[in-house]
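Enquirer: Please see the structure below; I have some questions.
Residue numbers (full-length UniProt numbering): 1 to 276.
Below, the structure written as structure tokens:
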């Protein structure tokens, strides 16, 4: 009986010693985990601010893109700190990383269209084929850019309507930007009867363009015979104007030439009306 009591006492002491050792060990682990989490949180905030400020000073980096990269850096640090904390408690982090990778792959497959829009949004923000305030046209949409986001681009049509276009549709198609260049060309056609002197009519048409101070002198306006028949000749006036004033000046030139020649004039109407 006395032997059994002694064995129980020894076992109890051993259990208490082991429990004390485990308590001390896990206390330090818990304390270290808390400290590591706090340091990781502060470090992520500091690096987030540095990255954001640094990217904002990089030429060509959009504010939306700067926030995206800065947030990606912050969350990457937090995930790394969390995995490190789990390793403090003896958790096999390799399996966790593998699980996170598998989960990321599954989410990527499920959100394939969304991720495609994000990738297209990043490319649009980096390469900037268009900016806010510019008028663009694609095969499917046209309008003035009001905002370029990571998922979609907001536009305002020439009719004053709101248009939301997924970024993937704007990245995977040719885009015509009517506002990017400083000047734009306009061709204006006039039909002259065959009994008139073509040289005189060409000089008169060219004088109308040269008298307008809003028309660019370089490149200089040009007049040439575009087509010729027995009964008439088609003259074409080619001139360049400032892009923001293109729509107004071309409409005014159409009116002035019509009055001068007493007829309707032809010219390519813009698919995208105002360039500004």
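For glycine and all other residues, C-beta sits at the position ideal for the given N, C-alpha and C.
1) Please list the segments of the alpha helix (DSSP H) lying wholly inside the region 144–232, counting only runs of 4 or more residues, in order along the chain.
2) Residues in the same chain with beta-carbon distance under 8 angstroms from residue 151, minus the five sequence neighbours each way, listed in chain order, please.
3) Whose CA, out of 247, 261 and 36, lies closest to the CA of residue 207?
4) Strictly by DSSP, which residues pair up with residue 137?
5) Indicate the three-state DSSP secondary structure (helix, strand or coil) for residue 241 in the structure shown.
6) Closest to residue 179 by CA distance: which of 133, 163 and 222 is it?
7) Within 10 angstroms of its Cβ, does residue 142 collect 16 or more other Cβ (buried), or is it exposed?
8) In this structure, what does DSSP give as the bridge partners for residue 236?
9) Roughly how far, in whole angstroms, is the beta-carbon of residue 55 from the beta-carbon of residue 69, given that I think they are within contact range, below 8 angstroms?
10) With a cut-off of 8 angstroms, do at least 3 Cβ pairs link the region 245–252 to the region 190–204?
11) So which of 199, 232 and 231 has the shortest CA-CA distance to residue 222?
12) So, residue 86 versus residue 44, is the Cβ gap smaller than 8 angstroms?
13) State the DSSP-derived secondary structure class of residue 57, mapped to helix, strand or coil.
14) Indicate the three-state DSSP secondary structure (helix, strand or coil) for residue 130 in the structure shown.
15) Residue 210 to residue 217, Cα distance in whole Å?
16) Leaving out five residues before and five after residue 51 in sequence, what residues of the same chain have Cβ atoms less than 6 angstroms from its Cβ?
17) Straight-line CA distance for residue 177 to residue 128?
18) With burial defined as no fewer than 16 other Cβ atoms inside 10 Å of the residue's Cβ, what is the status of residue 130: buried or exposed?
19) Go ahead and pull the three-state DSSP assignment for residue 101.
20) Nearest-angstrom Cα distance between residue 175 and residue 220?
21) Rounded to the nearest angstrom, what separates residue 123 and residue 184 at their Cα positions?
22) From residue 148 to residue 201, what does the alpha carbon distance come to, in whole angstroms?
23) CA-CA distance, residue 214 and residue 253?
24) Please report the Cβ distance between residue 84 and residue 47, rounded to the nearest whole angstrom; I am assuming they are in contact, meaning their Cβ atoms lie under 8 angstroms.
Expert: According to the structure data:
1) Restricting attention to alpha helix (DSSP H) runs no shorter than 4 residues, the region 144–232 encloses them at 167–171 and 198–211, ordered along the chain.
2) Counting only Cβ-Cβ distances below 8 angstroms, and skipping sequence neighbours, we find 114, 117, 118, 121, 166 and 167.
3) Of the listed residues, the one whose Cα sits closest to residue 207 is 261.
4) For residue 137, the pairing in a beta bridge is given by DSSP as 142 and 176.
5) Strand at residue 241.
6) Nearest of 133, 163 and 222 to residue 179, Cα basis: 133.
7) Around the CB of residue 142, 16 or more other CB atoms lie within 10 Å, so the residue is classed as buried.
8) For residue 236, the beta-bridge partners assigned by DSSP are 189 and 224.
9) Here residue 55 really is in contact with residue 69; their C-beta atoms are around 6 angstroms apart, less than 8 angstroms.
10) Because the criterion of three Cβ pairs below 8 angstroms is not met, the region 245–252 and the region 190–204 do not touch.
11) When only C-alpha atoms are compared, the closest one is 199.
12) Against a cut-off of 8 angstroms, the Cβ pair of residue 44 and residue 86 comes out as no contact.
13) Assigned with DSSP and collapsed to three states, residue 57 falls in coil, not helix or strand.
14) The three-state reading of DSSP puts residue 130 in coil, since its state is none of H, G, I, E or B.
15) C-alpha separation (whole angstroms): 8 angstroms.
16) Cβ within range, chain order: 70 and 73.
17) Approximately 11 angstroms, taken between the alpha carbons.
18) With a 10 Å radius around the Cβ and a threshold of 16 neighbouring Cβ atoms, residue 130 comes out buried.
19) Here DSSP, grouped into helix, strand and coil, assigns residue 101 to helix.
20) About 28 angstroms.
21) Distance between the alpha carbons of residue 123 and residue 184 is about 27 angstroms.
22) Roughly 48 angstroms between the two C-alpha positions.
23) Here the C-alpha atom of residue 214 lies approximately 11 angstroms from the C-alpha atom of residue 253.
24) About 16 angstroms; that fails the 8 angstroms criterion.
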